[in-house]
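Engineer:
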Amino acid sequence: MPRLNTFSILQAYRRDPLLPLLLRECRSVGSARNELHWLRQHALGSRRPDVSQIYKSLGDTRYGWRSQLKSMCRERSRGKPLQYILGNQPFGDLDILCRKDVLIPRSDTESYTLRAARLILKTFSTHGQHPSSHLRPLRVLDLCSGTGCIPLLLHALLAPHFKSMSIVGFDISAKALALANDNIMHNVRLGSLDERAIHEVRFYQGNILDRRFDQILESASQGLLQLAANNSSCTYDKSLKYDILISNPPYVSATSYRDGTTTRSVRRYEPKIALVPLMGHHDLLSTTDYKMEDTFYYPILLLAFKLEAKITVLECGDHEQADRIAYLCRKMARTKMNGVWHIQIWDCDWEDKDGKSSHSKIGSRAVILQRLLPNAVLD
Amino acid sequence: MTLWVCFRCIRSGRHFRGLPILIQRRAQSTTTNNGISSALLTRAQALTAEHSSLSHHLTESFDAKIAKRVGDLAPVVQAWTEWEKAKESISELNVLLDDPDTDAELRSLAIEDLESSNAQLQVVSDKLKQALIPRHPFAELPCLLEIRPGAGGEEAGLFASELLKMYTALSSRLGFRSTLLKLDTEEGQTEDRLTEAVLEIETDGAYDILRTESGVHRVQRVPATETKGRTHTSAVSVMILPSFPESGSDMDSALNFEDPNSDYYVNPQDVRTEKMRASGAGGQHVNKTESAIRLTHIPTGLVVSMQDSRSQHSNRKKAWQILRAKVASMRREAREQELVNLRRGAMGGVARMGRGDKVRTYNFGQNRCTDHRSGITVHNLGSVLDGGTGLEAIMDSVRSWLTDREIEDMIAEESAKELLKSQTNVDKKNS
Ligand SMILES: C[S@@+](CC[C@H](N)C(=O)[O-])C[C@H]1O[C@@H](n2cnc3c(N)ncnc32)[C@H](O)[C@@H]1O
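Protein chains in written order, with this note's numbering: chain A, 51 to 429; chain B, 102 to 532.
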């Protein structure tokens, strides 16, 4: 973290005595001021910025808010993530609840999810018909679902275009599972998620690295499909197939977890199991160029082929990892299945407006594996 | 609550440099006919002709665009027809009265008729005027209200937040939905000073109602921090911008900002996006909260930055909304300026209120608020600042002032075109 000079800390102190506390985690005075603003709003009890806040700051405020604010700033100075202090994080138009022991959704993931939704819409609307006329539900599988942010945002974005959907999320952590389920109801209540999500999105507990994971997946999927069939007029076929497979699996290497690449706040407060693959995969341990941080991609890709996913989206830590995973895709595609495949790597700086943006070598990536259908589109 | 409106002040017009000249010129260049100038009549005739040729076209082949134009012109045609009829019956009655052979009984009937016909003509003239005044292109849209303190330091910032409260109160009183898109404040010793705010007023047509508010608002009072009791003057600029829906395809084609043929098209390629992003690793390695976005519209140099929301996605959406509004408003102003230049070329210079002009003064010492355009003064500052009836009275008087200006502009534009045409005719004859 860059050091701020004493002068700017003093300046910040003059603005607000609480700012220097926040400067320990924030990289600039600007972002510390923003955090103070959000924390203050939270302490004042208003979720959204509105004018009442101006009135409130005139003095007639809730008793004790200032001391609450002070203690929140202190927590923040010790590295506690703002999202855990405030208890939520916006994700697309959703409000995702955040709790200790479950990884906080990242804005990179938000960007890949928005872009994936667009690709899905393009892909499924080029068969000469509008996607909503599909009789069969759109099936989406999210592995390592954490808070549930990815499947819920996909549901919010795609529900208006598909008559019926069947979205399944898997995570090993019981806490993540409980939180993901809370997030469905929370967003339905806020009106940011259609009520359909209650029966169209399901979260299950399961270990992706487990040898029998496909059996666990199968029984879960059957249950949900039956449910979808009961709830809509959609025809339902029994085959274990998914249209979309998406995953943001743990991908941090043991080295970059330790050497400062991963920030103090992440290390101290977020669950390690969500970040660093802790056990290897049985099929891979013997191979020589095997990297532990790539552990999850192989079994996920095996599933992608088995489920005949048309689009697979995999978040990766950096461009090197993305290159390795893209190579793995290519190798597996050649041996696993006939067909035409399109593999691409998405940058974390994508803009949904196609506007100009700076491309950098740093930052995360996503690898996209697309099975080309007749007259398919490339994104 | 009592409301004192000083009618002597209304339309004194003295504060406004260009106005007396403008009125004078109008009196010289146009003959009036129940308030309908010859220029307005020419325009009504032209539009009626256009209507009939387009209607004819429609009987042969249907075109949605043409049909819409025909629909838009219908009220003008109707008012024009009624106006002609009223004129005709008046002149017939006059012929009757002028004729020495008309017998006494008929004459007295005719006199009665003439009275009612004249009254009728007045009604129809007003109707025609209404139909001929061009609607502002953004009139039907919701709007964004931007507030920025100008000169005057801390005082300006404080007054800016009072104006924000005023407009929020006004919106809720009028039953308009409003949300704060952007709020930048400086934490002050006692109160927050506003550095910039954008309020979105989501109700359709809000633009037309609030466009009276654009300009520089001046406050005169003794600040709380002033020890010697001196009155300070500070200024806050208010700008009313059109608010476009998220997707341009919901708009009719002239306003569709996604349509390259529209005047208000914003090409995404022309917009540079800058994110506040940390150098170093991203993704799972960090849980940063930086979400600020800055957009630059390269052709115009307009910059919008947004940092209020914790979500980059939402900051980007809001920044685009404001950028689109600013680009559209800038282009609209450029077009209006063209008209002014055209007019100036034909008829000599007339000053126009620009966004930099002082439009209103809030004087705390005298408990009054004066608008310098219409000249209205309300002697109850509270009823203005709480977004109440005082503010509405001011806005109403400014709106009719604006309408008068627009009619004058339109007439000036027509006569400028006439002049140009006759000049070209002369040129043609000469060559
Ligand atoms: C990087 S987080 C992603 C969470 C969420 N999808 C997101 O993008 O915010 C990885 C998730 O994988 C889960 N996980 C770790 N090992 C797993 C395993 N063997 N099987 C299934 N899930 C696992 C963790 O509990 C964590 O929630």
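Beta carbons: idealized from backbone N, C-alpha and C, even for Gly.
Write down the C-beta distance between Y308 of chain B and P346 of chain B rounded to the nearest angstrom, noting that I regard them as a contact closer than 8 Å.
Structural biologist: Locating residue 308 of chain B in the second sequence gives position 207, where the first residue counts as 1. Locating residue 346 of chain B in the second sequence gives position 245, where the first residue counts as 1. Not quite, the Cβ-Cβ distance comes to about 13 Å (not below 8 Å), so this is no contact.
Engineer: Any contact of the stretch 337 to 349 of chain A with the stretch 226 to 246 of chain A, i.e. 3+ C-beta pairs under 8 Å?
Structural biologist: no
Engineer: Could you name the residues of the same chain whose beta carbon sits closer than 7 Å to that of A257 of chain B, not counting the 5 residues immediately before and after it, in chain order?
Structural biologist: Residue numbering aside, residue 257 of chain B sits at position 156 when the second sequence is read from its first letter. Around A257 of chain B: P250, G251, S335, A336 and V337.
Engineer: On the criterion of 16 or more Cβ atoms from any shown chain inside 10 Å, does N55 of chain A qualify as buried, or is it exposed?
Structural biologist: Counting from 1 along the first sequence, the entry for residue 55 of chain A is found at position 5. By the 10 Å Cβ count, N55 of chain A comes out exposed.
Engineer: If we ignore side chains and look at the alpha-carbon of each, how far apart do D360 of chain B and S297 of chain A end up?
Structural biologist: Reading the second sequence from its first residue, position 259 is the one you call residue 360 of chain B. Reading the first sequence from its first residue, position 247 is the one you call residue 297 of chain A. If I take the Cα positions, the gap works out to 36 Å.
Engineer: Mind checking N481 of chain B: buried by the 16 CB within 10 Å criterion, or exposed?
Structural biologist: Counted from its first residue, the second sequence places residue 481 of chain B at position 380. The residue in question, N481 of chain B, is buried, as its Cβ has 16 or more Cβ neighbours within 10 Å.
Engineer: Just to confirm, is the Cβ distance from C244 of chain B to I167 of chain B under 7 Å?
Structural biologist: If you number the second sequence from 1, residue 244 of chain B lands on position 143. If you number the second sequence from 1, residue 167 of chain B lands on position 66. No; because the gap between Cβ atoms is not below 7 Å, this pair is not in contact.
Engineer: Between A:R318, A:E320, A:R246 and A:M342, which has its C-alpha nearest M329 of chain A's C-alpha?
Structural biologist: Residue mapping note: residue 329 of chain A aligns to position 279 of the first sequence, counting from 1. If we check each option's Cα against that of M329 of chain A, A:M342 comes out closest.
Engineer: Please list the partners that S415 of chain B has in chain A, where partner means a Cβ-to-Cβ separation under 9 Å.
Structural biologist: By one-based count along the second sequence, residue 415 of chain B stands at place 314. The contacting residues are P140, G142 and D143.
Engineer: Taking Cβ positions, are V323 of chain B and G316 of chain B nearer each other than 7 Å?
Structural biologist: The residue labelled residue 323 of chain B in the question sits at position 222 within the second sequence. The residue labelled residue 316 of chain B in the question sits at position 215 within the second sequence. No, they are not a contact pair.
Engineer: Nearest-angstrom Cα distance between D143 of chain A and G466 of chain B?
Structural biologist: The sequence position of residue 143 of chain A within the first sequence is 93, counting from 1. The sequence position of residue 466 of chain B within the second sequence is 365, counting from 1. Spanning the alpha carbons of D143 of chain A and G466 of chain B requires a straight line of approximately 48 Å.
Engineer: Cβ of N233 of chain A less than 7 Å from any chain B Cβ?
Structural biologist: Position 183 of the first sequence, counted from the start, is the residue given in the question as residue 233 of chain A. N233 of chain A does not count as touching chain B.
Engineer: Is it a yes or a no for the stretch 65 to 76 of chain A touching the stretch 123 to 142 of chain A, going by three-plus beta-carbon pairs under 8 Å?
Structural biologist: yes
Engineer: Report the neighbours of L132 of chain A on chain B: residues whose CB is nearer than 9 Å to its CB, in chain order.
Structural biologist: Against the first sequence, residue 132 of chain A aligns to sequence position 82. Residues of chain B passing the Cβ test: N388, T390 and R411.
Engineer: Suppose only complete runs of 3+ residues qualify. What are the beta strand (DSSP E) ranges in the stretch 337 to 370 of chain A, listed by chain order?
Structural biologist: 361 to 366
Engineer: Any beta-carbon of chain A closer than 7 Å to the one on S130 of chain B?
Structural biologist: Your numbering for residue 130 of chain B matches position 29 in the second sequence. In this prediction, S130 of chain B scores a pLDDT of 31, lower than 50, which makes its location untrustworthy; no coordinate-derived value is stated.
Engineer: Looking at chain B, which residues of the stretch 148 to 168 of chain A have a Cβ within less than 9 Å of any of its Cβ atoms?
Structural biologist: L153, I154, R156, S157, D158, T159, E160, S161 and L164
Engineer: At a cut-off of 6 Å, is P300 of chain A close to ligand 1 when judged by its beta-carbon and the heavy atoms of the ligand?
Structural biologist: On the first sequence, residue 300 of chain A is found 250 positions in, with the first residue counted as 1. Within the cutoff, so yes.
Engineer: Can you determine whether any heavy atom of ligand 1 sits closer than 6 Å to the C-beta of L259 of chain A, and answer yes or no?
Structural biologist: As a position in the first sequence, residue 259 of chain A is number 209, starting the count at 1. Yes.
Engineer: In chain A, which residues lie less than 7 Å from G491 of chain B when you measure between Cβ atoms?
Structural biologist: Indexing the second sequence from 1 puts residue 491 of chain B at position 390. Those do not exist, as G491 of chain B stays about 20 Å from chain A at its closest Cβ, beyond 7 Å.
Engineer: Comparing the CB of S175 of chain A with every heavy atom of ligand 1, is any distance shorter than 6 Å?
Structural biologist: As a position in the first sequence, residue 175 of chain A is number 125, starting the count at 1. Every heavy atom of ligand 1 is 6 Å or more from the Cβ of S175 of chain A, so no.
Engineer: CB G367 of chain A to CB G384 of chain B, shorter than 7 Å?
Structural biologist: Within the first sequence, the letter at position 317 stands for residue 367 of chain A. Within the second sequence, the letter at position 283 stands for residue 384 of chain B. Yes, the Cβ-Cβ distance between G367 of chain A and G384 of chain B is below 7 Å.
Engineer: If the cut is a Cβ gap below 7 Å, which residues of chain A does A429 of chain B touch?
Structural biologist: Along the second sequence, read from residue 1 onward, the residue named residue 429 of chain B stands at position 328. Around A429 of chain B, no beta-carbon contact reaches into chain A at under 7 Å, the shortest distance being about 17 Å.
Engineer: Is the separation between the beta-carbon of L486 of chain B and that of M267 of chain B shorter than 7 Å?
Structural biologist: Working through the second sequence from its first residue, we reach residue 486 of chain B at position 385. Working through the second sequence from its first residue, we reach residue 267 of chain B at position 166. Cβ atoms of L486 of chain B and M267 of chain B: closer than 7 Å.
Engineer: Would a check of beta-carbon distances place L71 of chain A closer than 7 Å to chain B?
Structural biologist: Working through the first sequence from its first residue, we reach residue 71 of chain A at position 21. No, because no Cβ of chain B sits closer than 7 Å to the Cβ of L71 of chain A.
Engineer: Give the DSSP bridge partners of W502 of chain B, in chain order.
Structural biologist: Position 401 of the second sequence, counted from the start, is the residue given in the question as residue 502 of chain B. Beta-bridge pairing links W502 of chain B to no other residue.
Engineer: Starting from the C-beta of L155 of chain B, find all residues in its chain whose C-beta is less than 7 Å away, skip the five residues before and the five after it, and write them out in chain order.
Structural biologist: Along the second sequence, one-based indexing puts residue 155 of chain B at 54. Excluding residues within five positions, the ones whose Cβ falls inside 7 Å are I167, R170 and V171.
Engineer: Does any residue of chain B bring its CB to less than 7 Å from the CB of L325 of chain A?
Structural biologist: Position 275 of the first sequence, counted from the first residue, corresponds to residue 325 of chain A. True, the Cβ-Cβ gap to chain B drops below 7 Å.
Engineer: Excluding the 5 residues flanking G129 of chain A on each side, which residues of the same chain have their C-beta closer than 7 Å to its C-beta?
Structural biologist: In the first sequence, the residue the question calls residue 129 of chain A occupies position 79. Cβ neighbours of G129 of chain A beyond the five flanking positions: E75, R314, S315, R318 and Y319.
Engineer: Do H205 of chain A and L171 of chain A come within 7 Å of each other at the CB atom, strictly closer than that value?
Structural biologist: The residue labelled residue 171 of chain A in the question sits at position 121 within the first sequence. The residue labelled residue 205 of chain A in the question sits at position 155 within the first sequence. Not a contact, by the Cβ cut-off of 7 Å.
Engineer: May I ask you to verify whether the stretch 359 to 374 of chain A touches the stretch 293 to 312 of chain A, counting CB pairs closer than 8 Å and requiring at least 3?
Structural biologist: yes
Engineer: If you reduce the DSSP assignment to three classes, tell me which class I418 of chain A lands in.
Structural biologist: Residue 418 of chain A sits at position 368 when you count from the first residue of the first sequence. Strand at I418 of chain A.
Engineer: Going by alpha carbons, who is nearest to R395 of chain B out of B:N362, B:V387 and B:E375?
Structural biologist: The residue labelled residue 395 of chain B in the question sits at position 294 within the second sequence. The option with the nearest alpha carbon to R395 of chain B is B:E375.
Engineer: Between which two residues does the beta strand (DSSP E) holding G219 of chain A run?
Structural biologist: Residue numbering aside, residue 219 of chain A sits at position 169 when the first sequence is read from its first letter. Looking at the DSSP string, the run of the beta strand (DSSP E) that includes G219 of chain A is M215 to D221.
Engineer: Taking T332 of chain B as the reference, give the member of B:E507, B:S153, B:V320 and B:G276 with the closest Cα.
Structural biologist: As a position in the second sequence, residue 332 of chain B is number 231, starting the count at 1. Among B:E507, B:S153, B:V320 and B:G276, the Cα nearest to that of T332 of chain B belongs to B:V320.
Engineer: Looking only at its chain, what residues have a beta carbon closer than 8 Å to the beta carbon of A420 of chain B, apart from the 5 residues adjacent to it on each side?
Structural biologist: Taking the first residue of the second sequence as position 1, residue 420 of chain B is located at position 319. Taken in chain order, the residues that qualify are I394, R395, L396, V405, S406 and M407.
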